Amino acid sequence: MHSKTLLKINVAALAVLVGAVFVGVNAYSAWLEASQPECEPHGGSHELCMARFGVRLLFSALALLWNGLVCLVLVSVARTHTIGIRRFIKELESDAVAHERQYSRRFPGSVITSEDICQESIWIENNMPDDRDIGIRFSAYQREDRPLHNPVAAGHSQVNTLTSQMSDSANTEVSQVCRTLSVAEILRIYWKISCRLRLSGIALQRWVASLLALVVAWCSAMLVVWLHQPASFCQVIEFVCPLTVLLIVCACIAEVNVEGIRMLKCIRPTEDRLQMINYITKVPLQLLTFGFAISYGTITTVVLGVLVAFTSRLIIVEIQGH
1 MHSKTLLKIN VAALAVLVGA VFVGVNAYSA WLEASQPECE PHGGSHELCM
51 ARFGVRLLFS ALALLWNGLV CLVLVSVART HTIGIRRFIK ELESDAVAHE
101 RQYSRRFPGS VITSEDICQE SIWIENNMPD DRDIGIRFSA YQREDRPLHN
151 PVAAGHSQVN TLTSQMSDSA NTEVSQVCRT LSVAEILRIY WKISCRLRLS
201 GIALQRWVAS LLALVVAWCS AMLVVWLHQP ASFCQVIEFV CPLTVLLIVC
251 ACIAEVNVEG IRMLKCIRPT EDRLQMINYI TKVPLQLLTF GFAISYGTIT
301 TVVLGVLVAF TSRLIIVEIQ GH
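In the numbering used here, the protein residues as written are 1 to 322.
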């Protein structure tokens with residue numbers, strides 16, 4: 001299973017850890033509430049309050065276990081889709097390099113090198129230590145554009161032999177890697193990835209929507225409570241932890257959608273590909289949740305909304321104080 005890391009920490013493990021902190025703090029608050037005399041309803045016994053606390057703690061533990069497993073699956077699936085789309089992008093970059101070599105022979109002038117085409121993927125690959133196997137083919141591009149250095153101390157015949165062998169091996173590898181893709185091949189790979197994204201979206205969209213609804217409802221209730229009483233340290237943690245888990249889940253989905261949009265820009269446009277590009281632009285590779293594509297812009301909007309809610313709460317409290 002593929003895993004995404006944040007500051008060298010597994011994202012799924014980080015989400016489970018944040019969820020465990022939320023459950024622990026919430027259980028501590030529930031225990032304080034059950035220990036107070038006001039918990040005894042209508043003259044009920046203290047044992048009833050403690051039994052309610054035990055049931056609540058058991059439900060929280062089961063909910064943490066289930067949602068942690070689903071979050072682990074979602075992060076792994078999203079990472080797998082991201083790697084698959086990036087492999088497709090490298091195929092398209094290889095196709096673009098092959099096209100540019102063909103056109104450079106016809107129209108000599110300002111040639112676009114493989115570094116100009118593949119530099120973005122090389123940068124991304126440098127930040128992906130767990131995906132180095134998908135970047136092997138770029139050694140062929142760099143090897144062809146790099147001049148061959150002759151050893152000074154070697155004899156003339158040995159230099160020629162070594163140079164010819166390196167050129168033959170480089171040309172052989174480039175001919176095997178750098179080739180133009182037909183429209184049918186691009187559509188076949190695109191359709192395969194699109195089917196996988198659609199199936200994953202259908203399987204996970206209910207859980208994502210439920211998590212989103214629960215977090216929004218919980219945070220809204222906390223903001224309403226804070227209008228009537230000051231926020232405690234435990235309440236702040238109970239407010240921040242669900243939002244953190246939601247941001248982690250949405251960031252994994254948004255990464256897939258961003259790579260799907262980036263794939264569109266990596267297709268080398270030609271006359272026979274215009275209709276295909278038009279179709280793929282209308283139906284990009286995205287991991288949808290009930291037809292809605294989560295992006296980094298959506299996540300930024302949520303964060304700004306939370307900040308506005310905090311600011312509004314401070315303003316209302318200040319007005320009520322006067």
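Yeah, the Cβ is synthetic: ideal placement off N, Cα and C, and Gly gets one too. Being a predicted model, the structure only gives us computed values, none of them experimental.
Could you tell me whether any Cβ in chain D is nearer than 8 Å to the Cβ of residue i?
| i | result |
| --- | --- |
| residue 217 | In the structure shown, chain D does not exist; there is a single protein chain. |
Relative to the C-alpha of residue i, which residue among the options is closest?
| i | options | result |
| --- | --- | --- |
| residue 27 | 61, 76, 258 | 61 |
| residue 242 | 187, 201, 208 | 208 |
| residue 261 | 282, 252, 54, 270 | 282 |
| residue 249 | 236, 227, 275, 211 | 211 |
| residue 99 | 267, 299, 89, 275 | 267 |
| residue 269 | 191, 55, 186, 223 | 186 |
| residue 276 | 304, 302, 191 | 191 |
| residue 311 | 51, 226, 14 | 226 |
| residue 52 | 66, 219, 33 | 33 |
| residue 54 | 74, 75, 30, 76 | 30 |
| residue 285 | 198, 222, 72 | 198 |
Does DSSP put residue i in a helix, in a strand, or in coil?
| i | result |
| --- | --- |
| residue 9 | strand |
| residue 179 | coil |
| residue 235 | helix |
| residue 244 | helix |
| residue 267 | coil |
| residue 137 | Low confidence applies here, because residue 137 scores a pLDDT of 42, under 50, leaving its location unreliable; read the following figure in that light. Here residue 137 sits in coil by DSSP. |
| residue 227 | coil |
For residue i, does the count of other Cβ atoms within 10 angstroms reach 16, so buried, or fall short, so exposed?
| i | result |
| --- | --- |
| residue 86 | buried |
| residue 78 | buried |
| residue 297 | exposed |
| residue 257 | buried |
| residue 12 | buried |
| residue 81 | buried |
| residue 89 | buried |
| residue 294 | buried |
| residue 280 | buried |
| residue 63 | exposed |
| residue 304 | exposed |
| residue 239 | buried |
So, at 6 Å on beta carbons, what are the nonlocal neighbours of residue i in its own chain, with the 5 sequence-adjacent residues on each side left out?
| i | result |
| --- | --- |
| residue 171 | For residue 171, the pLDDT reaches just 44, beneath the cut-off of 50, and the residue's location in the model is therefore unreliable, although a value from the coordinates is still provided. The answer is none, since no qualifying residue turns up. |
In chain order, what residues of the same chain lie with their CB nearer than 7 Å to the CB of residue i, ignoring the 5 residues before and after it?
| i | result |
| --- | --- |
| residue 201 | 287, 288, 289 |
| residue 299 | 247, 250, 251, 254 |
| residue 70 | 207 |
field: Sequence ranges, alpha helix (DSSP H) only - wholly within the segment 274-307, length at least 4
entry: 274-282
query: Which ranges does the alpha helix (DSSP H) cover as unbroken runs of at least 4 residues, wholly within the segment 23-78, from first to last along the chain?
result: none
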